[in-house]
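S.K.:
Residue numbers (full-length UniProt numbering): 1 to 342.
#1: Quick check on the DSSP output: what are the complete beta strand (DSSP E) runs of length 3 or more inside the segment 115-146, in order along the chain?
#2: Do the CB positions of residue 118 and residue 106 come within less than 8 Å of each other?
#3: Using only CA atoms, which one of 194, 213, 289 and 202 lies nearest to residue 241?
#4: With DSSP run on the structure shown, which of helix, strand or coil describes residue 174?
#5: Which term fits residue 51, buried or exposed, when burial requires 16 or more other beta carbons within 10 angstroms of its beta carbon?
#6: Under the three-state reduction of DSSP, which class applies to residue 41: helix, strand or coil?
#7: Pick out whichever of 224, 230 and 253 has its Cα sitting closest to the Cα of residue 204.
#8: Could you round the C-beta distance between residue 67 and residue 84 to whole angstroms and report it? I think they count as a contact, below 8 Å.
#9: According to DSSP, which residues form a beta bridge with residue 256?
#10: Are residue 155 and residue 173 touching if we call contact CB-CB under 8 Å?
#11: Just the C-alpha distance for residue 282 and residue 273, rounded to the nearest angstrom, thanks.
#12: Rounded to a whole number of angstroms, what is the C-alpha to C-alpha distance between residue 60 and residue 42?
#13: Between residue 91 and residue 255, what straight-line distance do the alpha-carbon atoms span, to the nearest angstrom?
#14: Considering only residues of the same chain and omitting the five flanking positions on each side of residue 216, which have a CB-CB separation below 6 Å?
#15: Going straight from the alpha carbon of residue 258 to that of residue 94, what length do you get?
#16: Leaving aside the five residues before and after residue 268 along the sequence, list all residues of the same chain whose C-beta is less than 6 Å from its C-beta, in chain order.
#17: Relative to the C-alpha of residue 88, which residue among 108, 69 and 65 is closest?
#18: Do residue 153 and residue 132 have their C-beta atoms within less than 8 Å of each other?
#19: Keeping to the same chain, check which residues put their C-beta closer than 8 Å to that of residue 214; ignore five residues upstream and five downstream.
#20: Using C-beta distances below 7 Å, list every residue in its chain close to residue 158, excluding the 5 sequence neighbours before and after it, in chain order.
#21: Could you check which residue in 82, 122 and 186 has the C-alpha nearest to that of residue 230?
#22: Take the Cβ of residue 56 as the centre, count every other Cβ of all protein chains shown within 10 Å, and call the residue buried at 16 or more, exposed below.
#23: Between residue 221 and residue 112, what straight-line distance do the alpha-carbon atoms span, to the nearest angstrom?
#24: Answer yes or no: do residue 151 and residue 171 have a C-beta to C-beta separation smaller than 8 Å?
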């Protein structure tokens, strides 16, 4: 993606950093929200420039302190959807109220201004959000904690300027991830309404021609709060919450097949993830286990996906595909705090 990688990453490393790209004169990644403590997101926005590997604060802030929101970029604007608004008690700072909302905010990088847009049809948090040909999709999620998960899907078309219902999921789910290839939307994992365990299931929908979600081959690992990314026609799934493995998986749509790749050297969850330049994957911050405790990390991991595609339709085989190799780790301090994603 070119331009201002308006990367929104909830920098609370507890759910997962969301990432988007916005066009501007040069490429930047935006890290939106989050904070060094659970359920204490900040509304400060940071920019990260991949070329010089530096963080800078943005002059504007999020209108609300949010977590578990959805983000995407359309027409060079950043959209921040739904999520939980966190309000800390002024008298007792250890107490906070989390309210799931339906607000939609649009950020214009030219004027560095936020504008409130048409709200979602339903209040959502921990949902999947993506953009297909200029249309935003908000998929599943949950309302207030304790309420059932959602199976509904809604879409926002810029030309219409309003949200309308789309093809619903066959089950209610939250904490899932999504990725797109062309006009196809893929979602994976999450927790279903009647199950306390993470799921391995994968669903597919043609955004404009499909009338029902179709099942695809399951992942080999059940995941929740994980991340997905598309790189050169393949979908990669990355670590979720409290997984026993550090494995990454790659999905081939032609074969409907998942392949396990070389794992990360260290566990990590509640991080931010984005792709740049078509082949590079960047992983920001997150939490990890250290001496039996969850600790925040400010590492930025970068991997160049070297993929030589050779797909033989007759033998249904893929060859010469090299796995993800994480080139190195950089320790990046964000102010004086280590940030975690909520």
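All C-beta atoms, glycine included, are put in the ideal place defined by N, C-alpha and C.
All values derive from a computational prediction rather than experimental measurement.
M.R.: On the basis of the coordinates in this document:
#1: 128-132 and 135-139
#2: no
#3: 289
#4: strand
#5: exposed
#6: Reduced to three states, the DSSP call for residue 41 is coil.
#7: 253
#8: The C-beta distance from residue 67 to residue 84 rounds to 5 Å, short enough to fall under 8 Å.
#9: Residue 256 is not bridged to any residue.
#10: no
#11: 6 Å
#12: Looking at the backbone, the Cα of residue 60 and that of residue 42 are separated by about 12 Å.
#13: Taking the straight line from one Cα to the other gives about 58 Å.
#14: Cβ neighbours of residue 216 beyond the five flanking positions: 202, 204 and 256.
#15: 44 Å
#16: 239, 286 and 288
#17: Checked all of 108, 69 and 65; the closest Cα to residue 88 is 65.
#18: no
#19: Around residue 214: 203, 204 and 205.
#20: Cβ neighbours of residue 158 within its own chain (closer than 7 Å, five residues either side excluded): 74, 75 and 134.
#21: 186
#22: exposed
#23: 41 Å
#24: yes
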